[in-house]
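**Student:** Numbering (this note's numbering), first residue to last: -12 to 57.
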Amino acid sequence: MHTQTITHTLAATGAGKQRRFVTAAGAQAGAATKPLGVALVDFEIGQAFSAHVVGVCAVESGGAVALDDT
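#1: If contacts are defined as beta-carbon pairs under 8 Å, then Ala51 and Ala(-2) qualify, I think. What distance do you get, rounded to the angstrom?
#2: Given this structure, state the Cα-to-Cα distance separating Ala53 from Thr20, to the nearest angstrom.
#3: Using beta-carbon positions only, say whether Leu27 and Ser37 come within less than 8 Å of one another.
#4: What is the DSSP secondary structure of Ala26, counted as helix, strand or coil?
#5: What residues in its chain sit with their C-beta under 6 Å from that of Gly13, if we drop five residues either side in the sequence?
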C-alpha cells in the first residue's frame, strides 16, 4: 500500500517543535489557530523548515483534540 504525502517548506516566524501543528505563517499553531500541517523538525525564528500538509504522520498534541475540531 502506498500513502501519498505532500510537504511544504515554510520560513519560521516563531519557534516550534517537531510533530506539532504549524500555521501557514510559519509558527507553531495554538488552540485557536487553524493549522496548515505538521512540522517535520524543531525550528527557530528565521529558519526554513518542512511540514506535512497532505498525508499521514505522527502528531504530538499539547492537549486534547476532539473529533471534528475546527
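Quick reminder that beta carbons are idealized off the backbone N, C-alpha and C, glycines included. Because the structure is a prediction, the values reported are computed rather than measured.
**Tutor:** Inspection of the coordinates gives the following:
#1: Reading the sequence shown from its first residue, position 64 is the one you call residue 51. Reading the sequence shown from its first residue, position 11 is the one you call residue -2. So it is not a contact: roughly 30 Å between Cβ atoms.
#2: Here residue 53 refers to the residue found at position 66 of the sequence shown. Here residue 20 refers to the residue found at position 33 of the sequence shown. Approximately 15 Å between the Cα atoms of the pair.
#3: In the sequence shown, counting from the first residue as 1, residue 27 sits at position 40. In the sequence shown, counting from the first residue as 1, residue 37 sits at position 50. Against a cut-off of 8 Å, the Cβ pair of Ser37 and Leu27 comes out as a contact.
#4: Reading the sequence shown from its first residue, position 39 is the one you call residue 26. Strand at Ala26.
#5: Translated into positions along the sequence shown, residue 13 becomes position 26. The answer, listed in chain order, is Leu(-3), Ala(-2), Ala(-1), Thr0.
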